[in-house]
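> My structure is below; once you've seen it, I'll send some questions.
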Amino acid sequence: FYDYFFIDRDSLCLVIGDVSGKGVPAALFMAMTKTMIKSAARLLVEPEYILADVNREIARNNPSMTFVTVFLGVLNLNTGALTYTCAGHNPPLFIGRKGNSVLLGDAQCPAIGLDDAFKYRQVSVNLRHRESLLLFTDGVTEAQDSKNRLFTQESLMNTVSLTVGLTPAE
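Right, here's the structure in full:
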């Protein structure tokens, strides 16, 4: 799942996640998680507190041990500061002005739903004009070609580097 919404006039919340399992139970778990994230973000603003709050609620009532991986970032539209945390999800790809890309893996924490007492941590990075962020799930890097070869994180980074100077639509 993914979502984006304004927390206030200057703060844009970016979320991408992946729920363990399949079918209707996973879909319901996803909907519940998405709703809880949106609700917590309106009150707490800081990514580490948002995910800690959602994690606490989910982990306390989770006999099936279903878990959710989530990247959550809050972008200040005035300053370009992105404060984020990553709960077991693929770290996003920061893409520089010249096409160089690095994974933002400094805020890796366990997935949501496993330990109700876990304290998440957050990191900040500044995004400048013509720099971007690519949020993705493992479905991208685990995609297979006709010979069953994985696309891989390295292939994703190489492909992204070829897009320097293109607009998102291009």
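Take the working numbering: the final residue in the sequence shown is number 178, and no numbers are missing along the way. We treat Cβ as the ideally placed atom computed from N, Cα and C, and that holds for glycine.
DSSP on Thr93, reduced to helix/strand/coil?
The residue labelled residue 93 in the question sits at position 85 within the sequence shown. Three-state result, Thr93: strand.
> Quick one: give me the first and last residue of the beta strand (DSSP E) that Gln78 is part of.
Translated into positions along the sequence shown, residue 78 becomes position 70. It should be pointed out that residue 78 corresponds to Val in this sequence rather than to Gln. Segment Val76 to Asn84, the beta strand (DSSP E) holding Val78.
> Report the three-state DSSP secondary structure of Asp61 (helix, strand or coil).
To locate residue 61, count along the sequence shown from 1; it is residue 53. Looking at Asp61 - three-state DSSP - the assignment turns out to be helix.
> Within the same chain, show all residues whose beta-carbon is closer than 7 angstroms to that of Leu67, passing over the 5 residues directly before and after it, in chain order.
Numbered from 1 along the sequence shown, position 59 holds the residue referred to as residue 67. Per the sequence shown, the amino acid found at residue 67 is Ala instead of Leu. Answer for Ala67: Gly121, Leu122, Asp123 and Asp124, listed in chain order.
> Please report the straight-line C-alpha distance between Val131 and Ser154, rounded to a whole angstrom.
In the sequence shown, the residue the question calls residue 131 occupies position 123. In the sequence shown, the residue the question calls residue 154 occupies position 146. Using only the alpha carbons, I get a separation of about 39 angstroms.
> Please specify which runs of the beta strand (DSSP E), each continuous and at least 3 residues long, are wholly inside the region 9-71, giving them in chain order.
10-14 and 19-27
> State the CB to CB distance for the pair Thr91 and Cys117, rounded to an integer number of angstroms; the pair is presumed to be in contact (CB under 8 angstroms).
Residue 91 sits at position 83 when you count from the first residue of the sequence shown. Residue 117 sits at position 109 when you count from the first residue of the sequence shown. Thr91 to Cys117, Cβ: 14 angstroms. No contact.
> Would you report the Cα separation of Phe9 and Val78, rounded to the nearest angstrom?
The count along the sequence shown starts at 1 and reaches residue 9 at position 1. The count along the sequence shown starts at 1 and reaches residue 78 at position 70. Whole-angstrom Cα-Cα distance: 9 angstroms.
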